[in-house]
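**Student:**
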């Protein structure tokens, strides 16, 4: 990626990403007024907001508009050099044809391995490693959520202080389990998601399930086959009162807290990391600063032998031809196409298409359409070969760079990445969000320094320093890589955990609700 940036940090500035680009984005906070003279003699013909595109040359009607060296749309009318290229002036191109994609014909060569990088984690019986030591109490149906939350308050107040090596007790609650078509073809997605969340490495293998007793999703289905004693139903006759229910839950919880409290952090190779990548509240700087820095860090993690997953089907669909070429083999390339095709059909059933992805905030931040958003989104995957594809709710079983097929919703994506075995998430944002997960640390990376300063007690890493010329993408990537190791080791705490800002888990359920 070639970046052109005006040298003086206080002068009018723009960023052009590729020699082919005929548009650039304005860097200056709050935009630039008409009449501003840019580098090279370009004069702005009208006000252009920060992050929005300015035409670098005349663009004829129906001519392509190019950013990242790729076509993001076509001009609906004549656009003169120096004009603001607004969303309303761009016609979005069709999505790439899935039947004519090149597969595994540009597989990147493996980069030199990174040895001797470690973190301090909690080793599990199955060989996985947690970066937190959490007791998670799963549920089989929403009906039990209120009772469990009541019990959870008691557990945290009365029991947790006795077990200082346990970081937290969390409830895995959701809106599934009953009133659903439990045997519908797509019901396997929410069910296997819940099954695999219970096995997340941060939970130490101590699976505990609270059920009701009459729900469609039998609580037994969430238990490992070799651990039948970690489940209770509120409707069991032994529970003669609400107090009995709460006591049963707390007694089961304490038995597991005793086990988890015996765990200690130990030195583990970086190859034991499973890291999820996500973006939310994206803007035009996402593909310029935060996502490239994260992409470089992703390559470092892959070189260290770790598992790294990027996601969000609708945010790669319009750039899928760039990913299938990087698939390590034909099977992985076909799996990418399979997930794109499934999601195309899913959206069509709902009378929508991938253009519904872009939010008002995305557009206000300079992203004209899902094509432009996708090109910036995939940059966080770095440059490594794609070694595997995970279906929604599946658990990762291979190392390297993986595509985890999820919706773009922050909450659904985070839930599915937890099911895949994610220990920690790196979350890039341009517009800003207080998003967090109780089940895994979330490192928030801002695309702009202005956001990092304004939200200094919410943003963990300022990638906006790339746009200001304070650091290179490579320098930011190395710094972010070290931050990941520090957070995984418990040496640093992310802001969301400091404040206890944790969003609900949200299942992806494409099956009917009855």
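Numbering (this note's numbering), first residue to last: 835 to 1348. Positions of the beta carbon are idealized from the N, C-alpha and C atoms, including for glycine.
1. Drop a sphere of 10 angstroms on the beta-carbon of residue 904, count the other beta-carbons inside from all chains shown, and report buried for 16 or more, exposed for fewer.
2. How far does the beta strand (DSSP E) with residue 1090 in it reach, from first residue to last?
3. What is the residue span of the beta strand (DSSP E) that residue 956 lies within?
4. Can you tell me where the alpha helix (DSSP H) holding residue 1174 begins and where it ends?
5. Which complete alpha helix (DSSP H) runs does the segment 1277–1336 hold, if anything under 4 residues is left out?
6. For the alpha helix (DSSP H) holding residue 1025, just list the boundary residues, first then last.
7. Is DSSP giving residue 1142 helix, strand or coil here?
8. Alpha carbon to alpha carbon, how far is residue 1278 from residue 857?
9. Tell me whether residue 1367 sits in a helix, a strand or coil according to DSSP, three-state version.
10. Could you give the distance in angstroms between the alpha-carbon of residue 1094 and the alpha-carbon of residue 855?
11. Near residue 1221, what residues of its chain come up, given a Cβ to Cβ distance below 8 Å and the 5 sequence neighbours on each side ignored?
12. Quick check: what's the CA-CA separation for residue 1346 versus residue 1018?
13. What is the DSSP secondary structure of residue 919, counted as helix, strand or coil?
14. By DSSP, does residue 901 sit in helix, in strand, or in coil?
15. Considering residue 972, what are the terminal residues of the alpha helix (DSSP H) in which it resides?
16. Measure from the alpha carbon of residue 1143 to the alpha carbon of each residue in 1197, 1219, 1200, then state which is nearest.
17. Scan the segment 1187–1218 and note each continuous beta strand (DSSP E) run of 3 residues or more that stays entirely inside, going in chain order.
18. With the cut-off set at 8 Å, would you say residue 1240 and residue 1150 are in Cβ contact?
19. By how many angstroms is the C-alpha of residue 1110 removed from the C-alpha of residue 1159?
20. What are the partner residues of residue 1102, as DSSP defines its beta bridges?
21. So which of 948, 874, 890 has the shortest CA-CA distance to residue 1133?
22. Any idea what DSSP makes of residue 1113, helix, strand or coil?
23. Judging by CA-CA distance, which residue of 1171, 1168, 1001, 1022 is the nearest neighbour of residue 1091?
24. Going by beta carbon distance, what residues of the same chain come within less than 7 Å of residue 837, once the five residues before and after it are set aside?
25. Would you identify the three-state DSSP class for residue 857, choosing helix, strand or coil?
26. Indicate whether the contact test is met: 3 or more Cβ pairs, each with one atom in the segment 958–970 and one in the segment 1244–1258, closer than 8 Å.
27. In its own chain, which residues sit with a C-beta less than 7 Å from the C-beta of residue 783, not counting the 5 before and 5 after it?
28. Quick check on DSSP: helix, strand or coil for residue 840?
29. If you compare alpha carbons, which of 1203, 1251, 1224 is closest to residue 908?
30. Would you say residue 957 and residue 1206 are within 8 Å of each other, going by their C-beta atoms?
31. So is residue 1343 in contact with chain C if we call contact Cβ pairs under 8 Å?
32. In the DSSP assignment, find the unbroken alpha helix (DSSP H) run with residue 1158 in it and report its ends.
33. Taking buried to mean at least 16 other C-beta atoms within 10 Å of its own C-beta, is residue 1048 buried or exposed?
34. Examine the Cβ distances between the segment 1118–1130 and the segment 1291–1302 and report whether three or more of them are shorter than 8 Å.
35. Within its chain, find whatever has a CB closer than 7 Å to the CB of residue 1114; leave out the 5 residues flanking it on each side and keep chain order.
36. May I ask which residues mark the beginning and end of the alpha helix (DSSP H) holding residue 1120?
**Tutor:** Here's the rundown:
1. Counting Cβ neighbours within 10 Å, residue 904 comes out buried, since at least 16 surround it.
2. Not the beta strand (DSSP E): residue 1090 falls in the alpha helix (DSSP H), residues 1076–1094.
3. Per DSSP, residue 956 belongs to the beta strand (DSSP E) from 952–957.
4. The continuous alpha helix (DSSP H) containing residue 1174 extends over residues 1164–1183.
5. DSSP assignment within the segment 1277–1336 yields the following whole alpha helix (DSSP H) runs of 4 residues or more, N-terminal first: 1283–1288, 1307–1322, 1329–1333.
6. Its alpha helix (DSSP H) spans residues 1022–1031.
7. Here residue 1142 carries a strand assignment [DSSP, helix/strand/coil].
8. Each residue's Cα considered, the two are about 29 Å apart.
9. Shown here, the chain extends from 835 to 1348; a query on residue 1367 therefore has no answer.
10. Rounded to the nearest whole angstrom, the CA to CA distance from residue 1094 to residue 855 is 55 Å.
11. Once the five neighbours on either side are set aside, the close Cβ partners of residue 1221 are 1162, 1166, 1232, 1233, 1234, 1235, 1236.
12. A direct Cα-to-Cα measurement between residue 1346 and residue 1018 gives close to 7 Å.
13. Three-state result, residue 919: coil.
14. Residue 901 falls in the strand class under three-state DSSP.
15. Counting along the chain, residue 972 falls outside any alpha helix (DSSP H), though it belongs to the beta strand (DSSP E) covering 968–973.
16. Looking at 1197, 1219, 1200, the one whose alpha-carbon comes closest to that of residue 1143 is 1219.
17. Entirely contained in the segment 1187–1218, not one beta strand (DSSP E) run reaches 3 residues.
18. If you check the CB distance, residue 1240 and residue 1150 do not come in under 8 Å.
19. Put simply, the backbone Cα of residue 1159 is about 22 Å away from that of residue 1110.
20. Beta-bridge pairing by DSSP links residue 1102 to 953.
21. A check of alpha carbon separations from residue 1133 across 948, 874, 890 identifies 948 as the nearest.
22. Per DSSP, reduced to three states, the secondary structure at residue 1113 is strand.
23. Nearest C-alpha to residue 1091: 1001.
24. Confidence is the limiting factor: at residue 837 the pLDDT is only 48, short of 50, which leaves the residue's position unreliable, though a coordinate-based value still follows. Once the five neighbours on either side are set aside, the close Cβ partners of residue 837 are 849, 851.
25. Residue 857: strand per DSSP, three-state reduction.
26. Note that the segment 958–970 touches the segment 1244–1258; at least 3 beta-carbon pairs, one per stretch, sit closer than 8 Å.
27. The chain is shown from 835 up to 1348; residue 783 falls before or after that span and cannot be answered.
28. Reliability fails at residue 840, whose pLDDT of 41 lies under 50, so the model's placement of it is uncertain and no value is given.
29. Closest option to residue 908, Cα to Cα, is 1203.
30. Going by C-beta atoms, residue 957 is not nearer than 8 Å to residue 1206.
31. Note that chain C does not occur in the displayed structure, where there is just one protein chain.
32. Unbroken alpha helix (DSSP H) run through residue 1158: 1154–1158.
33. Counting Cβ neighbours within 10 Å, residue 1048 comes out exposed, since fewer than 16 surround it.
34. By the Cβ rule, the segment 1118–1130 counts as touching the segment 1291–1302, because three or more pairs are nearer than 8 Å.
35. Close CB contacts of residue 1114 within its chain, under the 7 Å cut and outside five residues either way in sequence, are with 1244, 1261, 1263, 1267, 1269 (chain order).
36. Residue 1120 -> no alpha helix (DSSP H), and no H or E assigned at all.
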